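J.:
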Amino acid sequence: MTDPIRTADLCDAHPDAVRVLTPGLRAYGGRAIFHGRAATVRAENDNSKVREALEEPGEGRVLVVDNGGKVDRALVGGNLAALGAKTGWSGVLVCGAVRDGHELEQSDIGVMALASVPMKTDKQGRGTREVPVRVCGVTIHPGDWIYADRDGVVVSAQALHET
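Read the sequence shown against the working numbering and you will find it ends at 838, with the numbers running on by one and no gaps.
1) Tell me, which residues are paired with valine 740 by DSSP?
2) Within the same chain, show all residues whose beta-carbon is closer than 6 Å to that of phenylalanine 709, passing over the 5 residues directly before and after it, in chain order.
3) Cutting at 6 Å between CB atoms, please list the residues of its own chain near methionine 676, excluding the five before and the five after it.
4) Quick check on aspartate 687: does DSSP put it in helix, strand or coil?
5) Does the region 749-765 come within contact of the region 797-807, defined as at least 3 CB pairs closer than 8 Å?
6) Using a Cβ-Cβ cutoff of less than 6 Å, which residues in the same chain neighbour valine 740 once the five nearest sequence positions on both sides are dropped?
7) Among residues of its own chain, excluding the 5 on either side of alanine 702, which ones have a beta-carbon nearer than 6 Å to its beta-carbon?
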């Protein structure tokens with residue numbers, strides 16, 4: 676088994692290659708440490724595109740969901756976390772809210788978000804996939820590498836764990 680990839684170690688080893696998200700995301704999922712290539716969704720208070728993405732094979736990727744920081748509706752809950760774990764996603768970052776915290780912490784997927792709120796989203800098919808998104812002060816492009824742990828989240832254009 677390999678050692679987990681720590682964000683602090685990546686920042687020390689590659690200070691010019693990482694972009695660090697400003698603090699604000701809280702860990703909710705069952706995996707405290709996760710990484711993978713970014714897939715993105717701009718959500719617009721509607722999690723239809725989030726579900727669409729998580730239904731596809733994750734292949735170890737991290738789904739980055741930009742809801743513009745709005746926390747009045749939850750874009751990911753226990754059902755979507757379970758779906759993402761089943762289809763092979765490493766994690767989900769939500770610039771917005773999640774719900775079902777008791778289920779999220781039992782899921783085999785990393786989940787980080789700004790807040791938790793019990794209200795679900797509308798499902799009207801709104802949103803955009805695979806576009807640049809802005810989360811906690813950092814622009815994340817589809818295909819960027821995401822590394823997350825209890826210290827925070829770092830983003831890089833190239834894989835840093837293989838160097």
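Yeah, the Cβ is synthetic: ideal placement off N, Cα and C, and Gly gets one too.
This one's a predicted model, so the numbers in the text were calculated from it and none came from an experiment.
T.: With the structure as the only source:
1) Val716 and Val769
2) Ser765, Gly766, Gly785 and Ala823
3) For methionine 676, the predicted structure reports a pLDDT of 45, less than 50, and the residue's modelled location is therefore unreliable. A value from the coordinates is still provided. Excluding the 5 residues flanking it on each side, methionine 676 has no same chain C-beta neighbour closer than 6 Å.
4) helix
5) no
6) Only Val716, Ala718, Val725, Leu750 and Val769 meet the Cβ criterion.
7) Met787
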